[in-house]
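Below you'll find the structure, written out as C-alpha cells, and then a few comments.
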Amino acid sequence: MADDCLFCKIISGDIPSNKVYEDDDVYAFHDINPAAPTHILIIPKKHLNDITVAKEEDAELIGKLVLRANKIADKADLTENGFRYVINTGLDGGQTVFHIHLHLLGGKSMSWPPG
Ligand code: 5GP
Ligand code: ZN
C-alpha cells in the first residue's frame, strides 16, 4: 500500500470500483473511462510504480497477473475473437496511474499501430 496511490485506494476499498475479480495477489476492475466495449484493469495488490521496477522476486506475481487476465478475458467471452493487453509505461508510454496495471481491451476490432 502506497500513500496517495489511486489504485492502492481502490484495492483497499477507500475508493469504490466496479470489481471483476479478486484474490490474495490480484485485483481487477472496470476502467472508469472505457476505450473499448470491454476495458478491464488487472493489477497486482503489491504496489509497484511501473513494470520497469519489477524484480526477479516479482516474476511469479507478474506471471499470475497475466494468467488471471486470461481467465478474466475468457469469462468476458473475448477468447474466441481476441483482445488486446496493454501496459503503458512512463511518460512516452502514456502511463497516468503509477501502479502497474494490465489493460484488457476487447469487444471490437482494433487498429495497429497505436497513435
Ligand atoms: P494508464 O493511462 O496509466 O495506462 O491507465 C490508467 C487507467 O486508469 C485509464 O484508462 C483511466 O481511465 C483509469 N482510471 C483512472 N482513474 C480511475 C478510477 O478512479 N477508477 C477506475 N475504475 N479507473 C480509473
Ligand atoms: Zn499503488
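Basically this note's numbering = 1-based index in the sequence shown + 2.
For each residue, glycine too, the CB sits at the ideal point set by N, CA and C.
Restricting to Cα atoms, I'd like to know which of SER111, PHE100, MET112 and LEU104 is closest to TYR87. LEU104
Return the bridge partner residues of TYR31 from the DSSP annotation. This sequence places Phe at residue 31; Tyr is not what is there. LYS21 and LEU43, per the DSSP bridge assignment.
Closer than 8 Å: ALA4 CB and nearest ligand 2 heavy atom: yes
Minimum C-alpha distance to ILE45 - residue among TRP114, VAL22 and GLU58: VAL22
What are the start and end residues of the alpha helix (DSSP H) that includes LEU63? 61 to 77
Let me know if THR40 comes out buried or exposed under the rule of 16 or more other beta-carbons within 10 Å of its beta-carbon. buried
How close, in whole Å, do the beta carbons of LYS47 and VAL28 come, if the pair is a contact with beta carbons under 8 Å? 7 Å
DSSP-derived helix/strand/coil call for PHE100: coil
9 Å Cβ cutoff met for ALA56 and ILE102: yes
C-alpha gap between ILE74 and ALA4, whole angstroms: 26 Å
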